[in-house]
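Q:
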Amino acid sequence: MFKNYLKIAVRNLLNQKLFSFINILSLTVGITCSILLGLYIHDELSFDKFNTNRNSIYRVLQVNNLPDGSLQYEGIHHAIALGPAIVRENPKAENYVRFFKPWDGDEKYYIKQNGNSFHDKVLYGDFNVFDVFSFPLLKGSIETHNLNSVAISERAAKKYFGEADPVNQTLSFRINNQYEDFIVTAVFKNIPSNSSVQFDVLLPFNHIATVGEFKDYQDSWGFGAIITYVKLRDGTHPVELDDGLKKIMATHYPQYKTLAKERGYASADEFRRFRLEPVLDVHFNAAIFEGLSPSSDPMYSYILMILVIGILSIACFNFMNLSISRSTNRMKEVGLRKAIGALRKQLITQFLGESILLSLLALSIALLLVDLLLPAFNYLVEKQMYLSGLFTWKALLGMIGLSIAIGIIAGFYPAFVISRFNIRDTLSRQINPSNWFTKTLVTLQFTLSALLIIGMIVISKQVNFLKEKDLGFDSNQVLVLNNIKLESFSMYEHLQKSTADHSGIQSIASASQTFANPSGLGGRGFTYKGESKRVGIIEVDGDYIETLGIKVIDGRKFLQSSSPENAVIINEACMKDFELTTNGTFEELTSSPETDPTVVGIMGDFNYSNLKMSVFPMLIRPGNIKNLQHIFIKIKGNQTHEVITFLEKEWKMVAPDLPFEYTFLDDTMAAQYSSEEKWESIMSYSTILATILSCLGLLGIVALGMETRKKEIGIRKILGAQVQQIMWFFTSKYLQLVMIAFLIATPVSYLLITEWLSGFAYRIEVDATIFITAGLSIILVSAGTIGIKIFNAALRNPIEALRIE
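First residue of the sequence shown? That's 33 in the numbering used here, and the numbers climb one at a time after it.
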């Protein structure tokens with residue numbers, strides 16, 4: 033019996049090649065896209081779930097509120113002593129782990145091993161991280177008492193030592209401008225890519241007590257650069273630690289109580305407090321960008337879920353529509369089968385079997401395509417996902433179950449509706465299936481396609497806007513030497529002298545901060561006229577204004593002298609916020625009127641970070657070049673290669689044992705929008721596929737419609753109808769559905785895109801041209817798809833059509 037069903041199913045698929053092809057193609061594309069996007073969503077949602085203690089690990093945040101109770105910002109950097117104090121003050125807190133990212137957020141250290149030099153990311157951390165997090169050790173053991181021990185990942189072990197046993201081997205780290213030896217005492221398994229805590233090299237946390245400027249901060253409440261995690265005892269809710277956290281805040285930061293009162297807060301707790309953030313939420317806290325791994329905006333995962341549902345729905349609608357449309361042509365088959373004794377359940381089995389077979393065939397092809405496309409998709413979304421993740425029993429059951437469900441839904445109408453009709457009606461074809469359901473599905477298809485087209489246009493326009501907007505400074509041809517630490521003093525002085533007469537170098541400057549790093553921007557927070565204010569501060573030397581092309585709209589630049597002048601140049605935002613003018617003094621910056629700096633100039637606002645953030649009050653002031661870790665070099669014309677060669681030669685003269693590394697400022701600024709560019713690509717590909725699928729489905733439905741109405745077309749032609757009249761008559765009926773779909777999509781898309789754009793301080797205007805462009809695009813594509821098939825039908829000889837039956 034099964035063999036007979038299978039034979040008939042295959043025969044029917046081969047007899048209807050066009051519709052079988054459209055169905056298989058639609059489902060294959062839909063399932064392929066769904067699997068790829070599903071892999072991404074699964075990876076995002078799986079972050080930190082591998083941890084055995086995932087429900088009891090929390091990251092400590094400091095919450096800063098505005099006087100009206102709204103959130104100002106949350107910070108993750110705390111004092112060294114906070115972790116031990118939380119465990120000491122709260123019996124429900126079992127353990128803590130502290131991390132320190134050295135050197136102003138650049139966790140790269142110069143490392144030497146057996147004469148080879150490396151420049152790698154390094155963290156300081158408590159070694160009980162291996163007890164709190166599920167990071168298993170592979171070799172060696174943790175020596176908490178040894179300040180010169182180091183734990184490395186198996187990836188780092190292979191990099192530094194090849195196939196040799198790394199335990200008890202030596203790595204030399206450049207700390208305080210000199211190399212210090214550390215013994216590898218442990219090798220841990222590579223940390224999963226879906227962990228919000230990432231490191232390959234871990235130095236003992238207590239070693240920072242031996243590091244120059246940090247020596248006086250061990251057990252201190254004054255050094256706020258430590259990221260702290262705590263592990264609670266099983267069954268403990270973080271609210272149970274609130275009293276202990278309030279006590280710590282009141283005991284060690286009593287000044288907050290005074291500040292809260294001065295600024296009009298009801299209590300110190302409403303002004304500033306600690307909060308415990310579940311480790312499962314860390315990855316999705318996009319407001320914090322200086323964590324131990326890049327965070328992710330959960331909105332994009334939701335967008336992907338919508339894309340998965342949308343693309344798969346379009347593919348399913350195609351399948352269902354074509355199945356319903358073909359059911360009319362199979363009514364005689366149903367009547368004949370009933371006449372020779374077929375039972376209704378046998379007919380149901382036959383129809384459902386054909387649909388399920390088609391769906392499973394599409395799944396098989398989709399898995400092959402996923403295997404081929406996954407490397408490219410990984411590159412696009414900047415992840416490392418593997419096909420092996422699909423071959424768990426849960427994933428396989430889910431995919432097979434989904435395919436069977438699609439087959440059942442698509443085959444429902446012919447299986448359960450047509451099979452119940454009596455023999456006389458089916459043989460005489462007196463039954464015409466109601467097409468309201470088909471029209472509804474077509475409308476839904478194009479509604480989804482219109483939503484995607486509008487979204488694609490908006491994202492593309494916004495990304496182009498971000499790239500092209502004037503940032504208030506000139507990043508073109510500016511080479512940057514970043515985070516060169518104690519070498520910067522001698523290096524900057526050396527380069528100032530050596531580049532003075534170089535024809536390819538226009539100017540050179542140094543600064544305490546680089547661009548696109550708002551977390552590293554020095555600043556002061558204080559109260560001005562009863563309001564909380566904050567000013568970003570950059571210390572500079574040399575021709576900083578000229579090198580970066582910043583406009584001075586009033587006053588002057590800094591004087592070039594041997595000793596820095598007590599002056600500041602403020603931006604327009606700072607001028608407005610603090611009501612300052614040129615030649616006035618910035619009294620809030622110091623505690624003594626004698627040391628108040630003079631405002632010598634006002635510079636135009638410039639975007640120090642990305643355009644998701646608005647320009648904030650900022651000032652620059654002359655700084656000690658020993659503390660300026662970033663060198664900016666403006667290159668003339670097309671002499672980039674010559675200048676880089678020259679700089680590398682000069683670098684080797686000052687720091688021969690260190691690699692010469694540089695970036696270009698325009699690349700750094702553009703890299704901030706890599707996420708938006710990635711989503712622009714995903715939306716573009718998804719929109720193209722969804723539109724193609726919708727048009728394929730529409731093409732199939734039109735083809736079936738023309739097949740069933742060819743007598744009508746023949747009669748119209750005999751009665752004198754022209755080809756263009758026939759085309760307009762039939763095309764307009766289908767275009768009505770497309771236009772209805774667009775009208776439905778317009779208000780929905782407006783709400784969605786305005787919500788997305790609200791995340792940018794600077795954004796495009798959502799005007800009518802976006803919707804007009806999208807509407808014309810979808811109408812023209814649909815009209816072309818419909819017109820081709822109707823045109824062919826209208827050209828057919830009417831005698832051939834009337835000769836049938």
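We put the CB at the ideal spot given by N, CA and C, even for glycine.
Which ranges does the alpha helix (DSSP H) cover as unbroken runs of at least 4 residues, wholly within the segment 761-823, from first to last along the chain?
A: The qualifying runs do not exist here; there are none.
Q: Could you pull out every unbroken beta strand (DSSP E) segment of at least 3 residues lying fully inside the segment 619-698, listed in chain order?
A: Runs of the beta strand (DSSP E) inside the segment 619-698: 630-635, 650-654, 662-667.
Q: For the beta strand (DSSP E) containing residue 314, name the first residue and the last one.
A: Run containing residue 314: none in the beta strand (DSSP E); it sits in the alpha helix (DSSP H), 311-314.
Q: With 16 other CB atoms within 10 Å as the buried threshold, where does residue 136 fall?
A: Bear in mind that the predicted position of residue 136 carries a pLDDT of just 46, short of 50, making it too unreliable to give a figure here.
Q: Taking a contact to mean a Cβ-Cβ separation below 8 Å, would you say residue 491 touches residue 715 in this structure?
A: Their beta carbons are under 8 Å apart, which means residue 491 touches residue 715 by this criterion.
Q: Does any C-beta atom of chain B lie closer than 8 Å to the C-beta of residue 253?
A: Absent from the structure: chain B. Only one protein chain is present.
Q: Roughly how many whole angstroms lie between the Cα atoms of residue 650 and residue 604?
A: Going from the Cα of residue 650 to the Cα of residue 604 covers about 8 Å.
Q: Residue 784: which of 331, 385, 399 sits nearest, CA to CA?
A: Out of 331, 385, 399, 331 has the C-alpha closest to the C-alpha of residue 784.
Q: Would you say the beta carbon of residue 120 is closer than 7 Å to some non-hydrogen atom of the ligand FAD?
A: What this structure holds is no ligand at all, so the ligand FAD is not there to describe.
Q: For residue 528, which three-state DSSP category applies?
A: Three-state result, residue 528: helix.
Q: Rounding to the nearest angstrom, what Cα-Cα distance links residue 383 and residue 391 in this structure?
A: Approximately 13 Å, taken between the alpha carbons.
Q: Tell me whether the beta-carbon of residue 778 lies closer than 8 Å to the beta-carbon of residue 819.
A: Not closer than 8 Å, so no.
Q: Identify, in the order they occur along the chain, each residue of the same chain with its Cβ nearer than 7 Å to the Cβ of residue 122, setting aside the five sequence neighbours on each side.
A: Here the set comprises 273, 276.
Q: Spatial neighbours of residue 485 within its chain, please: C-beta separation below 8 Å, excluding the five flanking residues on both sides.
A: Closer than 8 Å at Cβ, skipping near neighbours: 719, 723, 806, 809, 810.
Q: When the Cα atoms are used, what is the spatial distance from residue 647 to residue 709?
A: Cα to Cα, residue 647 sits roughly 23 Å from residue 709.
Q: Rounded to a whole number of angstroms, what is the C-alpha to C-alpha distance between residue 39 and residue 69?
A: Rounded to whole angstroms, residue 39 to residue 69 spans 35 Å at the Cα level.
Q: Along the alpha helix (DSSP H) that carries residue 91, what are the first and last residues, could you check?
A: Looking at the DSSP string, residue 91 is not in any alpha helix (DSSP H); the run it does join, the beta strand (DSSP E), is 89-97.
Q: In the DSSP assignment, the alpha helix (DSSP H) including residue 276 goes from what residue to what residue?
A: Segment 274-284, the alpha helix (DSSP H) holding residue 276.
Q: Kindly list the residues whose CB is nearer than 8 Å to the CB of residue 104, restricted to its own chain and excluding five residues on each side of it in sequence; keep chain order.
A: So the qualifying residues of the chain are 96, 97, 98, 564.
Q: Using the three-state DSSP reduction, which class does residue 828 fall into: helix, strand or coil?
A: Note: residue 828 maps to coil in three-state DSSP.
Q: So, do the segment 584-600 and the segment 650-661 have three or more beta carbon pairs nearer to each other than 8 Å?
A: These segments touch.
Q: Between residue 548 and residue 642, how many whole angstroms is the CB-CB distance? I'm expecting something under 8 Å.
A: Residue 548 to residue 642, Cβ: 7 Å. Contact.
Q: Give me whichever residues DSSP pairs with residue 156 in a beta bridge.
A: Answer is 132, 235, bridged to residue 156.
Q: Please report the straight-line C-alpha distance between residue 235 and residue 162, rounded to a whole angstrom.
A: Approximately 13 Å, taken between the alpha carbons.
Q: Exposed or buried, what is residue 536 when buried is set at 16 or more other beta-carbons lying within 10 Å of its beta-carbon?
A: Residue 536 comes out buried.
Q: With distances taken from CA atoms, which of 414, 402, 398, 423 is nearest residue 435?
A: Considering only alpha carbons, the answer is 398.
Q: Alpha carbon to alpha carbon, how far is residue 682 from residue 525? Give it in angstroms, no decimals.
A: About 11 Å.
Q: Near residue 575, which residues of its chain fall below 6 Å by C-beta distance, leaving aside the five closest residues on each side in sequence?
A: The answer, listed in chain order, is 539, 541.
Q: Which class does residue 138 belong to by DSSP, given the choice of helix, strand or coil?
A: Summary for residue 138: the model assigns pLDDT 49, below 50, so the residue's position carries little reliability; its value from the coordinates is reported in the next sentence. It is coil, neither helix nor strand.
Q: Can you check which of these residues, 423, 469, 338, 424, is closest to residue 445 by C-alpha distance?
A: Considering only alpha carbons, the answer is 469.
Q: If the criterion is Cβ atoms closer than 8 Å, does the pair residue 848 and residue 73 meet it?
A: The question about residue 848 has no answer here: the residues shown for the chain are numbered 33 through 837.
Q: Assuming residue 180 and residue 263 are in contact, meaning their beta carbons sit under 8 Å apart, how far apart are those beta carbons, in whole angstroms?
A: With a Cβ gap of about 27 Å, residue 180 and residue 263 do not count as contacting.
Q: At what residues does the beta strand (DSSP E) containing residue 477 begin and finish?
A: Here residue 477 belongs to no beta strand (DSSP E); instead the alpha helix (DSSP H) covers 468-500.
Q: Less than 6 Å between C-beta atoms, sequence neighbours within five positions excluded: which residues of the same chain meet that for residue 343?
A: These residues qualify, in order along the chain: 62, 65, 722.
Q: Helix, strand or coil: which one does DSSP assign to residue 705?
A: If DSSP states are grouped into helix, strand and coil, residue 705 belongs with coil.
Q: Go ahead and label residue 299 buried or exposed: buried means 16 or more other beta carbons lie within 10 angstroms of its beta carbon, across all protein chains shown.
A: Under this definition residue 299 is an exposed residue.
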